[in-house]
Every structure is written in structure tokens, then in C-alpha cells.
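Student: So the sequences go chain by chain: A and Y.
Residue numbering for the first sequence is 81 to 394, as defined by the numbering used here.
Residue numbering for the second sequence is 13 to 266, as defined by the numbering used here.
Pasting in a structure now, in C-alpha cells, and then I'll have a few things to ask.
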Amino acid sequence: MDVIHLRSALEDYSRCMDKFREQAALLALFRDRKSKWGVLADEIEACGSALKTLESSVCGTGQGELFTEEPGTRFEAELARARTAISQWAEEGMRLVTLLDEDYPAQLLTIHQRPPFLLYRGRLEPADAGGVAIVGTRKPTDLGLARASAIATGLAQRAVTVVSGLAEGIDTAAHTAAIAAGGRTVAVIGTGLRRAYPSVNAGLQDRIAREHLVLSQFWPDAGPTKTSFPMRNAVMSGYAAATVVIEAAWKSGARMQARLALEHGRPVFLHESLLQHDWAREYQARGAIVVTTADDVLAALDERLSPQVELVWS
Amino acid sequence: MNQPQHRTRTVDDVAGPYANFLLPVPPVGVDTCRVCHGAVYDDYSICFPCNQALSVLGDGVADVVSFVSLAPGGEQFARELYTYKLESVPPAIRRVRLIGLAAVLWKWLSIHEGCLGRQVGVSRFDIVTSVPSTSGRAIHPLEELISGIVGGTESRYEGLLTIQRTDLTQREQALDRYVATRSLKGTRVLVVDDTWTTGAHAQSASTALKAAGADAVAVVALGRWFNTEYRDNKRWLVHKRSKSWDWQVCCLEP
């Protein structure tokens, strides 16, 4: 190897080590933290370095109450612990991306609930930013299942990534149809990556992880909780360009995701059959778009996501 | 259908969905600063940063200040105003958000420029300008928005200010932070900014414009950012939030 190549290899290596240290520092900052993740994420983002944020928190200028031991020792111990965890996860095929990394899903950065880090199995694809989330009830009718499959198939055939939550019912139908159509599908799950919920979908989760992408904003062993699913719905809305609701009652995660997506300013599509519900008519008045086919979704999205659009008064 | 199409969208159409997260700015009152419409405590009528601006800049401060929406830290509008210019977000995604904010500003100004004007006795401002940014970008996205996208401002846009002091922190106002590039005698200027945090930038800009002879200066910021962790700001927000968004409602003429 000549000198120039050696130098660039060393630079790459040192960049990698820096990134690894930054990732470890970010995990260390969030490890025992119970609340105000958003405030800390803002701080790290503004500072541009999790290492510096950790340093100031250990050395007492930040949230010093986190640490009680001698600062230097504690700082290195925290970093070492996080690095061990990252290596362990990597051995299990789980990869980490933080909001300071270049490959963090950029569109997700634009919502206020963007997680400070994500764990994933599979492959991150920038083109997923044009993806569409399909959500709905866990206890669908046959008609609901058919509608979810038809829309997922239509999107997949046009090379649009189908994003869903790997729950039973509509989610499963959406993932399965996208795979069957030869498209890409992404599962944003409400537990850690070592868990499968519901367990009946463990096989599907493995397959999506192998061939596509399974994303989680939770620690690997985290189980399902009352708050994890709404948090997951916000991330699903942020990861995809838009959300389609197929079949959903008022008290459902799907309805909640529609609300979150509206509050993110993202396009929300409601299957026409939902208009029997008061909530769906209310969301329509708030800007949700009524659709019946994948083409309806694509036509409306095309217009709304085009960077070439010219704004006119009327 | 694979031909690149020339598309147009109307301001109402693009701005509409923002009503899902824009927050009305409260009128001045017992718990609301008479300059920046943020929370005030202990029976003051003006908040600390605004009072600071008055004492440092005196008559230089803007004659009237208004905002499109509250933008509490940690909520969507604050995020929107942060990420529409964030370089780690790909240009195509940023562009869509820039157009969205342009529609919001266009629609808002079409309704409320008159309210700003009435406070200084004019119906319309002669020049629209922005606060120069320290980012080092050739054209700041906000400048692009006001000078090229928003129909109500593009023909009146002129970059009037340059940065004169680079030793100041984000929160410091100064008489010489900016300087105008030409004489502004007899003009009425509208300054547009994206986020108002303490007002240090906008008020220093106003001071420079007046020093160059501007007769009147109004400031409008898209978002009135504030820290929900400070004192009782959370409770203040819950109280103010009880009013739902309405494009027609004005914080200057409630």
C-alpha cells in the first residue's frame, strides 16, 4: 500500500473511531434517563457532539446529578460500557444509528419526536423517505384486509416503500402484500429488536429484517408498553412521507397515527369506508384526503412532495 | 406522464395543513410581554430580554413586533423552523418544507400586513428585508423564501443589512451588530425572520435600519420560540393553547 492510500485508510479508521465514540457517548447519556429525552436530544443536536455533552454532564457543568464517581473514571467507564453494548448488538446483527450520524433517516429528523437513536436490522435506504405508511386495526374485516393488500401492492409495484408496524391485521396484510409484489417494506416496531410482538409475527419480522428493514427506537429487550406504541406511531409517521389509514376505530393506534401525521403536517389518507366514523370526517375537515386506490394516494403525493412546485395565490 | 411537469399549488392549499400545529399568539396582557408576547411574571409588563433590548438599543427597537405562531421548544413548529434550513436534511425534502413555510407567510401577510402597518400609520411597507445570517451560506433559505417564493414580498425584497460584529453571542443585542448598506431615509421597512428567541437579532437589525434613516420598522417572525422548561411557561402555554388556530385572528388587534 502506498503512502497516500495508507493515509486515507488511516483517516477512514479515525473517522470510524470518532463515530463509534460519539455513538457510545450518546447511548451513555440516554442509558438511565427516564424523561425529557427530547430536551437532551435538542442539546446534543445544538452542540453537535454527544461526547462534549457527556463530558460537560460528567464534569458537573451539565446535568451532573447523573454521576457521582470521580469524573474522568466515570466518563471512560460509561463510554466503555456503551461500546461493549454496541459490539454485542452488532454480533447479534443489530445496528445502531444516532441523530448525529449521516445515515440517520433524514426525513425523520423533521419531526419533533425524532428518536435520538435507532436500532435496526437490515438496510437503511434514503429512498424510504418517499415511502407510505399503511396502518389499521388488528381485527380487520376481510374487506379491510383486501383493501390494505390492494393499496400495498399498488405502492410496491410503483417502487414505493410500504411502511407499517408489524401488528396483526392490517399491518401484516400490508407488509405481506408488499413482499409478494416484489417491493420493499419497512417494519417500525413498538418493542426492542430482541422481542417479537405479537409472537405470531416473529417469522415475518425475521424475513423483513433479512430482506428489508426492521426499525426500533427502544432498547433491545424493551417489551410492549402502553406508551411504546404511540411513540412508535409518531416515528412511523415521521419515517414515511405519508400515512394511509385503512380500517380503524376511534380507540386505535391507527387513528392516533393519523392525528400525529396531521400534527406533523404530513399528508394523511383515509380509506373512503372510514367516513362512517365521526373522527374520519373531522380529520377530513382538517385536511386528510379520502382515497380508495393506490393510484389516488400516488397522485396526491406526487403533487404534495414535489420540490418543483410553484406557489400561486389562486 | 414521465415528462417533468410544471406544477402549481395554491397558497391556501399548501398552507392549510399547517393549521394542525400552528398556535395562536396571545394578545398583550397581564401575563404576556407587551413587546414579544411571551410569558412575563411578577406583574412586569415586559420580559427581561425585551427590557434589555430597550435599554441597550433605545429608540432603535422595532415600532411593532408580531408573529405568525407560537413555537414552543420541543413541538412541531419549532422543529419545522429548525429543520427547513438544516443541511443534513436532503435538499428535496427541505424544499418542500420551504414552500410550506412560504405559503404560511404569504397567507398570513395577506391578512395581517395591514395590522402591522396600522400600528405605524401606513397601509403597506415599502421594503421587505431579512436579518443576515452567520451560517455562511450564499443565500439563506429565508431570503430565498421572501425574495423568490412569497408573492406578497418578492417585488419589495431588498437585502439591506450586513453583519458588523462577529464577537457577539446569539443572545446579545448591540447598536452595531448590523449595519445598513444604504440610506433608508423616508422608507418603511418590514423585517421578516424565521424564529424569534430573545429578539436580539431582529431588534439589532431594526436599530441598524433606523440608524440609516428608516421612518418605521416592523418585525414579523414566523415563530415565537420559547422555553417550556422555564418557570411556569408550561402552564402559561396550556392556558394560551385553549384558543384554537384561526388565520384571521391577530395578536395586535384582538
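Idealized CB from N, CA, C, for every residue including glycine.
I want to verify the contact list: residues of chain Y whose CB lies under 8 Å from the CB of A:Ile124, in sequence order.
Tutor: Counting from one through the first sequence, the residue named residue 124 of chain A turns up at place 44. Simply none; closest approach about 13 Å.
Student: Which residues does DSSP pair with Y:Ala51 in a beta bridge?
Tutor: Residue numbering aside, residue 51 of chain Y sits at position 39 when the second sequence is read from its first letter. Answer is Y:Thr44, bridged to Y:Ala51.
Student: Suppose you measure from the CA of A:Gly216 to the CA of A:Ser244; what does that come to, to the nearest Å?
Tutor: Numbered from 1 along the first sequence, position 136 holds the residue referred to as residue 216 of chain A. Numbered from 1 along the first sequence, position 164 holds the residue referred to as residue 244 of chain A. Their backbone Cα atoms lie some 9 Å apart in a straight line.
Student: So who's on the other strand from A:Arg175, going by DSSP bridges?
Tutor: For the purposes of this step, residue 175 of chain A is identified with residue 95 of the first sequence, where counting begins at 1. Answer is A:Tyr200.
Student: A:Ser386 versus chain Y: which residues are under 7 Å apart at the beta carbon?
Tutor: Within the first sequence, numbered from 1, the residue matching residue 386 of chain A stands at position 306. Ordered by position in chain Y, the residues that pass the 7 Å Cβ test against A:Ser386 are Arg19.
Student: Tell me, please, whether the CB atom of A:Gly216 is closer than 8 Å to any CB atom in chain Y?
Tutor: Mapped onto the first sequence, residue 216 of chain A falls at position 136. No, because no Cβ of chain Y sits closer than 8 Å to the Cβ of A:Gly216.
Student: Compute the Euclidean distance between the alpha carbons of A:Ser353 and A:Leu235, then round it to the nearest angstrom.
Tutor: Stepping through the first sequence from its first residue, residue 353 of chain A is reached at position 273. Stepping through the first sequence from its first residue, residue 235 of chain A is reached at position 155. Each residue's Cα considered, the two are about 19 Å apart.
Student: Taking 8 Å as the cut-off, decide whether the C-beta atoms of Y:Trp118 and A:Leu391 are in contact.
Tutor: Here residue 118 of chain Y refers to the residue found at position 106 of the second sequence. Here residue 391 of chain A refers to the residue found at position 311 of the first sequence. Yes.
Student: Going along chain Y in order, which residues have a C-beta closer than 7 Å to the C-beta of A:Gly152?
Tutor: Residue numbering aside, residue 152 of chain A sits at position 72 when the first sequence is read from its first letter. Neighbours of A:Gly152 on chain Y: none; closest Cβ ~29 Å, over 7 Å.
Student: Could you tell me whether the Cβ of A:Gln297 comes closer than 8 Å to any Cβ of chain Y?
Tutor: Here residue 297 of chain A corresponds to residue number 217 of the first sequence, with the count starting at 1. No - not a single Cβ of chain Y is within 8 Å of the one on A:Gln297.
Student: Mind checking which residues open and close the alpha helix (DSSP H) that includes A:Arg111?
Tutor: The residue you call residue 111 of chain A lines up with position 31 of the first sequence. Here the alpha helix (DSSP H) through A:Arg111 covers 83-111.
Student: Of the choices A:Thr305, A:Gln337, A:Ala329, whose alpha-carbon is the least far from that of A:Ala320?
Tutor: Start at 1 with the first residue of the first sequence, and residue 320 of chain A comes out as number 240. Ranking the options by Cα distance to A:Ala320, first place goes to A:Gln337.
Student: Report yes if the CB atom of A:Ala258 is closer than 8 Å to the CB atom of A:Thr265, and no otherwise.
Tutor: To locate residue 258 of chain A, count along the first sequence from 1; it is residue 178. To locate residue 265 of chain A, count along the first sequence from 1; it is residue 185. Result yes, Cβ atoms of A:Ala258 and A:Thr265 sit closer than 8 Å.
Student: Please list the partners that Y:Ala114 has in chain A, where partner means a Cβ-to-Cβ separation under 7 Å.
Tutor: Taking the second sequence and counting its residues from 1, the one referred to as residue 114 of chain Y is at position 102. By Cβ distance, chain A contributes Leu391.
Student: Residues bridged to Y:Tyr190 by DSSP?
Tutor: Within the second sequence, numbered from 1, the residue matching residue 190 of chain Y stands at position 178. The partner list for Y:Tyr190 (beta bridge, DSSP) reads Y:Ile175.
Student: Under the assumption that A:Asn281 contacts A:Leu225 (Cβ atoms under 8 Å), give the Cβ distance between them as a whole number of angstroms.
Tutor: Walking along the first sequence from the start, residue 281 of chain A turns up at place 201. Walking along the first sequence from the start, residue 225 of chain A turns up at place 145. Not quite, the Cβ-Cβ distance comes to about 15 Å (not below 8 Å), so this is no contact.
Student: Compute the Euclidean distance between the alpha carbons of A:Ala232 and A:Thr271, then round it to the nearest angstrom.
Tutor: Within the first sequence, residue 232 of chain A is the residue found at index 152, counting from 1. Within the first sequence, residue 271 of chain A is the residue found at index 191, counting from 1. About 24 Å.
Student: Mapping the DSSP letters down to three states, classify A:Trp330 as helix, strand or coil.
Tutor: Along the first sequence, one-based indexing puts residue 330 of chain A at 250. Correct three-state label for A:Trp330: coil.
Student: How about A:Glu383 and A:His351: do their beta carbons lie closer than 8 Å?
Tutor: Taking the first residue of the first sequence as 1, we reach residue 383 of chain A at position 303. Taking the first residue of the first sequence as 1, we reach residue 351 of chain A at position 271. Contact: no.
Student: Select from the region 66-93 of chain Y all residues with a C-beta closer than 8 Å to any C-beta belonging to chain A, and list them in chain order.
Tutor: Within the region 66-93 of chain Y, the qualifying residues are Gly85, Gly86, Glu87, Gln88, Ala90, Arg91, Glu92.
Student: Could you list the residues in the region 359-378 of chain A with a C-beta less than 7 Å from some C-beta on chain Y, going in chain order?
Tutor: Cβ contacts with chain Y come from Arg366, Gly367.
Student: Any residues in the region 240-252 of chain Y with a beta carbon nearer than 7 Å to a beta carbon of chain A? Which ones, in chain order?
Tutor: For the region 240-252 of chain Y, which is checked against every Cβ of chain A, the residues closer than 7 Å are Glu241.
Student: Express the C-alpha separation of Y:Leu34 and Y:Asp25 in angstroms, rounding to a whole number.
Tutor: Start at 1 with the first residue of the second sequence, and residue 25 of chain Y comes out as number 13. Start at 1 with the first residue of the second sequence, and residue 34 of chain Y comes out as number 22. Their Cα atoms are separated by approximately 15 Å.
Student: Which same chain residues end up closer than 7 Å to A:Gln143 when comparing Cβ atoms and leaving out the 5 residues on each side of it in sequence?
Tutor: Along the first sequence, read from residue 1 onward, the residue named residue 143 of chain A stands at position 63. Here the model assigns A:Gln143 a pLDDT of 47, short of 50, so the residue's position is not dependable, and the following value carries that caveat. Counting only Cβ-Cβ distances below 7 Å, and skipping sequence neighbours, we find Ser137.
Student: How many whole angstroms separate the CB atoms of A:Ala276 and A:Ala254, which I take to be in contact at a CB cut-off of 8 Å?
Tutor: What you label residue 276 of chain A is simply residue 196 of the first sequence in a count that begins at 1. What you label residue 254 of chain A is simply residue 174 of the first sequence in a count that begins at 1. With a Cβ gap of about 17 Å, A:Ala276 and A:Ala254 do not count as contacting.
Student: Can you give me the C-alpha to C-alpha distance between A:Tyr200 and A:Ser115, rounded to a whole angstrom?
Tutor: The count along the first sequence starts at 1 and reaches residue 200 of chain A at position 120. The count along the first sequence starts at 1 and reaches residue 115 of chain A at position 35. About 23 Å.
Student: Give the C-beta separation of Y:Val7 and Y:Leu234 to the nearest angstrom, bearing in mind that I take them to be a contact with Cβ-Cβ under 8 Å.
Tutor: Coverage of chain Y is limited to positions 13 through 266, which leaves residue 7 of chain Y absent and any answer about it impossible.
Student: Determine which residues share a DSSP beta bridge with Y:Ile139 and list them.
Tutor: Sequence index remark: in the second sequence, residue 139 of chain Y carries index 127 (1-based). In the DSSP output, where bridge partners are listed per residue, Y:Ile139 has Y:Val201.
Student: For A:Pro206, which of helix, strand or coil comes out of DSSP?
Tutor: Counting from one through the first sequence, the residue named residue 206 of chain A turns up at place 126. A:Pro206 falls in the helix class under three-state DSSP.
Student: From the beta carbon of Y:Ser254, is the nearest beta carbon of chain A less than 8 Å away?
Tutor: For this step, residue 254 of chain Y is matched to residue 242 along the second sequence. Closer than 8 Å: no.
Student: Give the DSSP-derived three-state secondary structure of Y:Val37 in the structure shown.
Tutor: Within the second sequence, residue 37 of chain Y is the residue found at index 25, counting from 1. Y:Val37: coil per DSSP, three-state reduction.
Student: Below 8 Å, how does it come out for the region 311-319 of chain A and the region 183-202 of chain A: are there three or more Cβ pairs, yes or no?
Tutor: Taking 8 Å as the limit for Cβ pairs, the verdict is that the region 183-202 of chain A does touch the region 311-319 of chain A.
Student: Below 8 Å, how does it come out for the region 215-227 of chain Y and the region 65-84 of chain Y: are there three or more Cβ pairs, yes or no?
Tutor: Because the criterion of three Cβ pairs below 8 Å is met, the region 215-227 of chain Y and the region 65-84 of chain Y touch.
Student: Work out the CA separation of Y:Arg106 and Y:Thr95 for me, nearest whole Å.
Tutor: For the purposes of this step, residue 95 of chain Y is identified with residue 83 of the second sequence, where counting begins at 1. For the purposes of this step, residue 106 of chain Y is identified with residue 94 of the second sequence, where counting begins at 1. Rounded to the nearest angstrom, the two C-alpha atoms are 7 Å apart.
Student: Using a beta-carbon distance below 8 Å, is Y:Pro36 in contact with chain A?
Tutor: Position 24 of the second sequence, counting from 1, holds the residue named residue 36 of chain Y. Not closer than 8 Å to any Cβ of chain A, the Cβ of Y:Pro36 fails to qualify, so no.
Student: For A:Val83, count neighbouring Cβ atoms within 10 angstroms of its own Cβ and tell me buried if that reaches 16, exposed if not.
Tutor: Here residue 83 of chain A corresponds to residue number 3 of the first sequence, with the count starting at 1. A:Val83 should be labelled exposed.
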